[in-house]
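**Q**
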Amino acid sequence: VGPSSGVMHETISSLSAPAIIAIARLQPTMEWLNAIPVGSLIVAFTTQAPKEGEIGDHWEEVEISKLSCLNLYHGPETLKDGIWIKARLGVAAPWSEVVH
119 VGPSSGVMHE TISSLSAPAI IAIARLQPTM EWLNAIPVGS LIVAFTTQAP KEGEIGDHWE
179 EVEISKLSCL NLYHGPETLK DGIWIKARLG VAAPWSEVVH
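Per our numbering, numbering of the sequence shown is gapless, rising by one per residue and ending at 218.
1) If you draw a straight line from the C-alpha of Ser-158 to the C-alpha of Ala-140, how long is it?
2) Assign Lys-204 to one of three DSSP states: helix, strand, or coil.
3) Would you report the Cα separation of Glu-215 and Pro-168, rounded to the nearest angstrom?
4) Among all the DSSP beta bridges, which residues are the ones paired with Ser-186?
5) So the beta strand (DSSP E) Ala-162 belongs to, where does it begin and stop?
6) So the candidates are Pro-136, Ala-137, Ile-154; which of them puts its Cα closest to the Cα of Ile-182?
7) Express the C-alpha separation of Ile-203 and His-176 in angstroms, rounding to a whole number.
8) For the putative contact between Met-148 and Leu-190, defined by C-beta atoms under 8 Å, what is the C-beta separation to the nearest angstrom?
And the structure:
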């Protein structure tokens with residue numbers, strides 16, 4: 119597996135005796151921490167480039183309670199193309215700028 123490509127390469131060769139082969143694919147997680155002692159942190163992310171001014175760009179939202187963390191596991195496209203992230207403190211606050 120290439121460290122930044124997210125693509126698995128396989129090599130096939132013959133074995134002289136029967137064997138069991140297992141392939142494991144390790145994928146890193148994203149860990150988000152809300153260290154603010156009051157309220158909640160809402161994080162939205164997408165793996166598709168958001169279009170300027172368009173609402174509902176396939177954003178997925180997660181809410182992180184005060185003084186807690188969240189581990190996020192997402193598909194292999196995250197490793198290849200990256201993600202776009204925005205956040206806000208509570209539902210009444212405006213969204214931050216989008217970060218890629």
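Idealized CB from N, CA, C, for every residue including glycine. Every value quoted in this text rests on a predicted model; they were computed, and no experiment measured them.
**A** Walking through what the data contain:
1) Your numbering for residue 158 matches position 40 in the sequence shown. Your numbering for residue 140 matches position 22 in the sequence shown. Approximately 42 Å between the Cα atoms of the pair.
2) Along the sequence shown, read from residue 1 onward, the residue named residue 204 stands at position 86. Reduced to three states, the DSSP call for Lys-204 is strand.
3) The count along the sequence shown starts at 1 and reaches residue 215 at position 97. The count along the sequence shown starts at 1 and reaches residue 168 at position 50. The straight-line gap from Cα to Cα measures roughly 12 Å.
4) As a first step, residue 186 is located in the sequence shown; it is residue number 68 there, counting from the start. Its beta-bridge partners are Asn-152.
5) The residue you call residue 162 lines up with position 44 of the sequence shown. First-last of the beta strand (DSSP E) with Ala-162: 159 to 164.
6) Looking up residue 182 in the sequence shown gives position 64. Answer by Cα proximity: Ile-154.
7) Translated into positions along the sequence shown, residue 176 becomes position 58. Translated into positions along the sequence shown, residue 203 becomes position 85. Straight-line Cα distance between these residues: approximately 12 Å.
8) The residue labelled residue 148 in the question sits at position 30 within the sequence shown. The residue labelled residue 190 in the question sits at position 72 within the sequence shown. That pair is a contact at about 4 Å.
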